[in-house]
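*Asks:* Below is the structure I would like to discuss, written out as structure tokens.
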Ligand code: UDP
Ligand code: MG
């Protein structure tokens with residue numbers, strides 16, 4: 367087997383309409399990474415941007431051979447963009463960073479120090495957040511604490527995806543092909559020696575957040591369903607409480623009616639209210655059940671996680687890593703077509 371030609375560090379940045387941040391991101395990252403004196407690559411994943419991001423990315427790749435660009439065929443979402451970067455990363459250590467400069471690249475030096483001291487995962491803990499709405503700050507804080515309580519994996523609170531991962535962790539992640547991904551949880555799940563470094567999360571340099579409330583809720587559901595059965599188990603407790611109330615109510619109502627002539631819980635209104643309440647309970651839990659079922663459906667369809675339209679700056683030897691497990695079940699003809707497309711692409 368030929369030896370893996372690789373940089374020491376891979377940096378992965380997902381990009382969705384970040385035209386105002388790309389040049390500065392490159393500048394700050396190259397300054398920090400050059401100061402380490404080691405080789406590095408910066409993998410930018412264009413998650414279907416509709417602004418000038420792709421042009422700016424390609425221009426950087428033209429200028430600097432350490433810049434590599436992956437252009438998705440459409441918007442696949444933040445976590446999937448990060449996944450594509452991880453799939454392509456060749457470094458001894460890989461660093462995930464947001465493209466909006468909310469994660470200060472200078473912190474990477476501290477992460478590298480911990481990595482050299484023997485830790486396989488060094489995650490960044492947000493001590494403070496600048497320039498974010500109180501709602502975002504509050505909901506994020508609540509979410510991480512609830513997650514911590516209800517999951518079986520210890521996912522550290524107030525950490526995002528900003529982290530350094532050793533090659534050993536990256537290789538495990540490359541084999542985890544689940545569809546609705548919660549990467550910060552997945553890296554915790556892998557294990558090894560992990561530690562945190564704290565930092566103040568800056569305000570976004572340019573543009574607006576790409577996480578409206580709808581996406582935040584979806585992301586939270588992915589995190590919960592990926593790492594916890596708590597919403598399913600809670601049904602048992604609720605059924606216990608309701609059953610107990612019913613058992614209690616039967617003798618009380620009977621005694622009141624027989625001996626005291628009090629017609630408790632009489633009338634249609636009570637019945638209707640109880641029925642509505644129960645329906646609400648049941649539908650609420652069915653929603654959660656549905657969340658798990660929908661995710662099972664996503665897995666069984668076995669689609670690739672993302673579609674790459676084009677890559678810049680990669681060596682032609684580096685294959686497009688389609689979802690590895692999907693490939694195993696693929697008819698030969700389709701596989702040959704994909705291989706052909708990968709070989710013929712512009713690199
Ligand atoms: N992002 C992406 N695809 C998306 C949404 C976001 O690649 O569908 C990228 C975005 O360009 C940024 C990172 O993910 O680099 C984090 O997004 P954002 O800063 O909007 O999230 P926030 O920091 O507000 O939670
Ligand atoms: Mg951001």
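In the working numbering, the protein residues as written are 367 to 713.
Each residue gets a CB set at the ideal place from its N, CA and C atoms; glycine is no exception.
Taking buried to mean at least 16 other C-beta atoms within 10 Å of its own C-beta, is residue 481 buried or exposed?
*Replies:* So residue 481 counts as buried.
*Asks:* Let's see if you can read the secondary structure: which residues bound the alpha helix (DSSP H) around residue 661?
*Replies:* Residue 661 -> alpha helix (DSSP H) spans 634 to 667.
*Asks:* Which two residues bound the contiguous beta strand (DSSP E) that contains residue 678?
*Replies:* It spans 674 to 678 - the beta strand (DSSP E) in which residue 678 sits, taken as one unbroken run.
*Asks:* Looking at ligand 2, does it come within less than 7 Å of residue 468, judged from the CB to the closest heavy atom?
*Replies:* At least one heavy atom of ligand 2 is nearer than 7 Å to the Cβ of residue 468, so yes.
*Asks:* Roughly how many angstroms separate the alpha carbons of residue 633 and residue 609, rounded to a whole number?
*Replies:* Spanning the two alpha carbons is a distance of roughly 22 Å.
*Asks:* Excluding the 5 residues preceding and the 5 following residue 347 in the sequence, name in chain order all residues of the same chain whose CB lies nearer than 6 Å to its CB.
*Replies:* Here the chain comprises residues numbered 367 to 713, so residue 347 is not present and cannot be evaluated.
*Asks:* Within 10 angstroms of its Cβ, does residue 314 collect 16 or more other Cβ (buried), or is it exposed?
*Replies:* The first residue shown for the chain is 367 and the last is 713, placing residue 314 beyond what the model contains.
*Asks:* Within the continuous beta strand (DSSP E) that includes residue 560, where are the two ends?
*Replies:* 560 to 567 is the extent of the beta strand (DSSP E) around residue 560.
*Asks:* Nearest to residue 686 by alpha carbon, out of 505, 453 and 636?
*Replies:* Nearest C-alpha to residue 686: 453.
*Asks:* Are the beta-carbon atoms of residue 422 and residue 393 separated by less than 8 Å?
*Replies:* No, the pair does not count as a contact, with Cβ atoms beyond the cut-off.
*Asks:* Within its chain, find whatever has a CB closer than 7 Å to the CB of residue 470; leave out the 5 residues flanking it on each side and keep chain order.
*Replies:* Excluding residues within five positions, the ones whose Cβ falls inside 7 Å are 565 and 568.
*Asks:* Given a threshold of 16 other Cβ atoms within 10 Å of its Cβ, counted over all protein chains shown, does residue 595 qualify as buried or as exposed?
*Replies:* Under this definition residue 595 is an exposed residue.
*Asks:* For residue 432 versus residue 407, is the C-beta spacing smaller than 8 Å?
*Replies:* Going by C-beta atoms, residue 432 is nearer than 8 Å to residue 407.
*Asks:* Nearer than 7 Å: is that true of the beta carbon of residue 570 relative to any heavy atom of ligand 1?
*Replies:* Yes - ligand 1 has a heavy atom lying nearer than 7 Å to the Cβ of residue 570.
*Asks:* Helix or strand or just coil, what does DSSP make of residue 376?
*Replies:* Strand, per DSSP.
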